[in-house]
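Let me begin by presenting the structure, written as structure tokens, before commenting on it.
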Amino acid sequence: MHNLIYVIRPEDHEKERLKEILENHTEIKFVSLMGVDLGGNATDEKIPINLFLKDIDGFLKSGVQTDGSSVVLPGIATLNNAKVDIVPDLNVNWFIDYNYEFMDEKHRPCGTLRIPSFLVHDGKYVDSRSILYRALDNFEKNILEVLKGNPKILENIGIEKFGDIEKINFTAATELEFWVKTPEDKEDEEKLSASQTLKEQYWKRTQGTVRTALEESMLLLDKYGLGPEMGHKEVGGVNSTIGIDGKQNHVMEQLEIDWKYSNALQAADNEILAREIIGDVFRSYGLEVTFAAKPIEGVAGSGEHTHIGISVTLKDGSIKNLFAPKNLKDDYMSIIGYGALMGILHNYEVINPFVTSTNDGFNRLKPGFEAPVCTVASLGHNVETPSRNRSILIGLIRDMENPLATRFELRAPNPLSNTYLVLASCYQGMIDGILAFKDVTDSQILYKEISKKAGEPGIYLEKERQYRTEEDIFEDYTEEERNRIFGKPPATVWENVKGFSLYKDKTAMLLKGGVFSEALIKSFKLAIIKQWKEELLHRIIPAYMGIVRECKQLHEIETSSDLDVVRWKKICDIKYTIMKDSMDKKSLITRIREALLNKDYDLASDLQLELANTIRELKELYICYKRNIF
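Numbering (the UniProt record's numbering), first residue to last: 1 to 630.
Structure representation (structure tokens):
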């Protein structure tokens with residue numbers, strides 16, 4: 001359309017070349033510097049392009065200023081020290097965000113140049129992107145020392161000598177799942193659950209506006225250079241209907257779009273771009289899009305499996321995967337690969353808060369929906385058979401014909417996880433595990449370590465825990481067995497964030513190399529605790545109150561059975577437990593509010609779980625009650 005451009009690559013960020021591009025594309029009317037705070041939120045502002053061009057040197061060097069209250073940096077950007085600079089990153093792709101609802105005088109969509117940027121406070125880089133930058137730098141420095149100091153590790157990967165290494169490559173990719181629906185349509189959980197159980201939607205052909213929006217999104221992502229690889233229906237959803245006007249009604253479907261891997265930082269930037277494009281396209285067709293992890297209770301949530309790989313480019317131009325052994329038929333992984341995987345597993349208590357930081361995220365991580373709940377990995381039943389276990393936290397992905405495909409798939413993130421911090425914390429964990437085995441010369445030592453049973457001592461891994469299984473977590477273990485063997489997982493945001501204080505040695509791992517700082521971790525904790533509290537008070541509790549009020553008496557005395565009466569009595573008792581205070585007893589909701597007010601977060605967290613279970617019991621009982629009424 002009108003010879004539009006979609007990406008300005010790093011080689012074109014030099015002042016004169018940039019001016020030439022912008023002056024030749026007058027459809028680009030604004031510039032926006034996109035800093036990403038600790039909450040994963042991207043800033044967006046509209047700077048007229050003429051102001052940008054007038055002081056291009058100043059913008060490229062110093063960016064713009066913002067008030068610290070506009071970004072999530074609690075405890076850092078305070079009221080008495082609030083100034084935050086947004087400084088452009090010159091080393092990644094910039095992209096043009098077009099508004100197809102607003103055409104200029106030449107009938108071209110109005111464009112905004114989005115520039116991924118850093119947030120700087122008191123001269124310190126305090127944003128999510130800069131944390132990932134530091135993590136990559138720290139990993140690279142340490143891995144080069146390991147490779148230089150242990151020739152056996154080089155031999156294990158298939159590299160003759162250290163001097164052959166040209167550079168380290170960090171690759172990452174995410175798979176984006178999301179729900180689309182017709183505005184104002186209310187979910188029918190029974191129909192959705194039945195459809196999911198019957199696998200009626202998985203890989204089904206898309207139709208109507210959903211198909212059009214999906215195809216348009218993928219074509220647009222390709223124009224931005226993301227290289228979409230697949231778009232399809234996911235397991236959730238029900239069939240839509242056609243109205244008398246011929247339009248599609250009652251749309252409620254779960255979709256997934258995947259795109260090509262990139263370097264770690266670009267992959268995280270691409271994810272933000274992809275969410276924005278997909279949301280805009282589907283909304284232009286009158287469909288609501290949500291990237292929430294668990295938008296509908298009782299059916300599949302939306303995950304965002306994150307793939308992590310590391311390789312080296314040699315001076316002859318060839319590439320060696322650091323996770324793959326020299327011969328794929330000899331072993332699952334290289335020495336480096338084993339160490340990296342164990343590093344994530346061993347340190348997951350302090351990686352997990354970055355992966356799952358919201359109430360919504362925890363609603364997804366429950367048994368029964370193929371979402372991981374245990375800190376455990378799968379390698380495959382044998383070396384020749386790659387892992388296909390979908391019940392574990394992290395899987396080893398292998399292709400026996402392609403060593404470059406060897407990578408880790410972290411299955412816990414959701415579409416709103418902060419991918420910058422997820423990757424940064426994983427890299428910190430991986431290098432910790434690699435350094436723990438930097439002098440090892442036999443990969444079988446590491447294979448035995450990761451394959452040990454609970455109660456067996458380990459060199460690096462904890463004695464009482466098991467870290468690998470090829471069994472179905474949910475079918476082959478009881479909840480008690482899972483908690484005993486793999487460790488009891490956190491069930492709320494508060495339980496998760498406590499990992500930083502309960503595992504101080506592992507938190508110290510995050511600080512190594514100056515990647516995170518104590519101030520940044522404290523700021524992140526403050527941010528997610530505040531969000532947890534506010535959502536619980538002002539979204540979750542009001543929603544639960546609505547469910548309680550919707551449970552009304554339906555039976556009439558002359559047509560009711562004893563079962564109706566008994567069930568209704570029990571429903572009333574549960575409603576009172578949830579919401580009704582008396583002179584001698586406070587309701588669950590009141591007790592949660594008081595616990596939060598008193599900052600008794602342990603109690604509030606326990607009561608949150610009790611309330612969720614009680615609401616679930618109420619809903620199930622009310623469904624049975626309704627079914628029995630004429």
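No residue lacks a Cβ here, since even glycine has one placed at the ideal position from N, Cα and C.
Candidates Ile-308, Leu-611 and Leu-90, of which the one nearest Ala-340 by Cα: Each of Ile-308, Leu-611 and Leu-90 was checked against the Cα of Ala-340, and the nearest Cα belongs to Ile-308.
Identified DSSP bridge partners for Val-289: Per DSSP, Val-180.
Coarse secondary structure for Gln-254, derived from DSSP in three states: In the structure shown, Gln-254 sits in a strand (DSSP, three-state: E or B).
Straight-line gap, Leu-416 to Lys-141 (C-alpha atoms, nearest Å): CA-to-CA, the gap between Leu-416 and Lys-141 works out to about 30 Å.
Proximity to Val-355 [Cα-Cα], best of Arg-17, Ser-582, Gly-40 and Val-7: Of Arg-17, Ser-582, Gly-40 and Val-7, the residue nearest in Cα terms is Gly-40.
Beta-carbon gap between Tyr-622 and Asp-564 smaller than 8 Å: In this structure, Tyr-622 sits away from Asp-564, with a CB-CB distance that is not shorter than 8 Å.
CA nearest to the CA of Tyr-447, picked from Glu-464, Pro-367, Arg-388 and Pro-325: Looking at the Cα atoms, Pro-325 is the closest of the given residues.
Through-space distance from Tyr-338 to Leu-328, alpha-carbon basis: So the two alpha carbons sit approximately 14 Å from each other.
Proximity winner among Gln-428, Ile-319, Tyr-576 and Thr-209, relative to Asn-402 (alpha-carbon distances): Selected option, being the one with the closest Cα: Ile-319.
Rounded straight-line distance, which links the Cα of Tyr-202 to that of Glu-234: Going from the Cα of Glu-234 to the Cα of Tyr-202 covers about 5 Å.
Leu-255 beta carbon less than 8 Å from that of Phe-178: Result yes, Cβ atoms of Phe-178 and Leu-255 sit closer than 8 Å.
Inter-residue spacing [alpha-carbon to alpha-carbon] between Arg-616 and Phe-500: Distance between the alpha carbons of Arg-616 and Phe-500: 31 Å.
Meets three-Cβ-pair contact criterion under 8 Å: the region 604-620 and the region 574-594: Taking 8 Å as the limit for Cβ pairs, the verdict is that the region 574-594 does touch the region 604-620.
Continuous alpha helix (DSSP H) assignments of at least 4 residues falling wholly in the region 386-461: Runs of the alpha helix (DSSP H) inside the region 386-461: 419-436 and 443-450.
Closest Cα partner of Ile-547 within the set Leu-90, Lys-61 and Cys-572: Checked all of Leu-90, Lys-61 and Cys-572; the closest Cα to Ile-547 is Cys-572.
Simplified DSSP assignment, three categories, for Ser-605: In this structure, Ser-605 counts as helix in the three-state DSSP scheme.
Spatially closest choice to Asp-67 from Gly-58, Thr-78, Asp-57 and Phe-59, by CA coordinates: The residue from Gly-58, Thr-78, Asp-57 and Phe-59 with its alpha-carbon nearest to that of Asp-67 is Thr-78.
Range covered by the beta strand (DSSP E) that runs through Met-103: Element bounds for Met-103: 94-103.
Of the listed residues Lys-438, Ala-292, Asn-363 and Gln-248, nearest to Ser-334 (C-alpha basis): For the residues Lys-438, Ala-292, Asn-363 and Gln-248, the minimum Cα distance to Ser-334 belongs to Lys-438.
For Thr-212, three-class secondary structure by DSSP: The answer is helix: DSSP assigns Thr-212 an H, G or I state.
Span separating the alpha-carbon of Lys-506 from that of Gly-513: For Lys-506 and Gly-513, the gap between their C-alpha atoms comes out near 14 Å.
Between the CA atoms of Val-210 and Ile-277 - distance to the nearest angstrom: The straight-line gap from Cα to Cα measures roughly 15 Å.
contact_flag[the region 125-137, the region 153-166] where n(CB pairs < 8 Å) is 3 or more: Segments in contact, no.
Boundaries (first-last residue) of the alpha helix (DSSP H) holding Thr-590: Taken as a continuous stretch (DSSP letters only), the alpha helix (DSSP H) holding Thr-590 covers 588-597.
Three-state secondary structure (DSSP) of Ile-159: It is coil, neither helix nor strand.
Separation of Arg-549 from Leu-618, as counted between CA atoms: C-alpha separation (whole angstroms): 11 Å.
Ile-450 versus Glu-470: straight-line alpha-carbon distance, rounded: Cα to Cα, the separation comes out at about 12 Å.
contact_flag[the region 458-473, the region 382-392] where n(CB pairs < 8 Å) is 3 or more: Judged by Cβ distances under 8 Å, the region 458-473 makes contact with the region 382-392, as three or more pairs qualify.
Through-space distance from Tyr-261 to Tyr-420, alpha-carbon basis: Approximately 15 Å between the Cα atoms of the pair.
Nearest-angstrom Cβ-Cβ length linking Leu-265 and Arg-129, presumed shorter than 8 Å: Indeed they touch by this definition, with Cβ atoms about 7 Å apart.
Under the three-state DSSP convention, the category residue 649 falls into: For residue 649 there is no data in the structure shown, the boundaries of the chain being 1 and 630.
Beta-carbon gap between Ile-86 and Gly-35 smaller than 8 Å: Against a cut-off of 8 Å, the Cβ pair of Gly-35 and Ile-86 comes out as a contact.
Short Cβ contact (8 Å threshold) for Leu-38 with Val-84: Against a cut-off of 8 Å, the Cβ pair of Val-84 and Leu-38 comes out as no contact.
Chain-order list of residues whose beta-carbon lies under 7 Å from that of Pro-367 (same chain, five-residue window excluded): So the list reads Val-373 and Phe-474, once near-sequence residues are dropped.
Complete alpha helix (DSSP H) runs within the region 15-50 (minimum length 4 residues, chain order): Complete alpha helix (DSSP H) runs here, min 4: 15-24.
Residues that DSSP places opposite Asp-505 in a beta bridge: Residue pairing by DSSP places Asp-505 in no beta bridge whatsoever.
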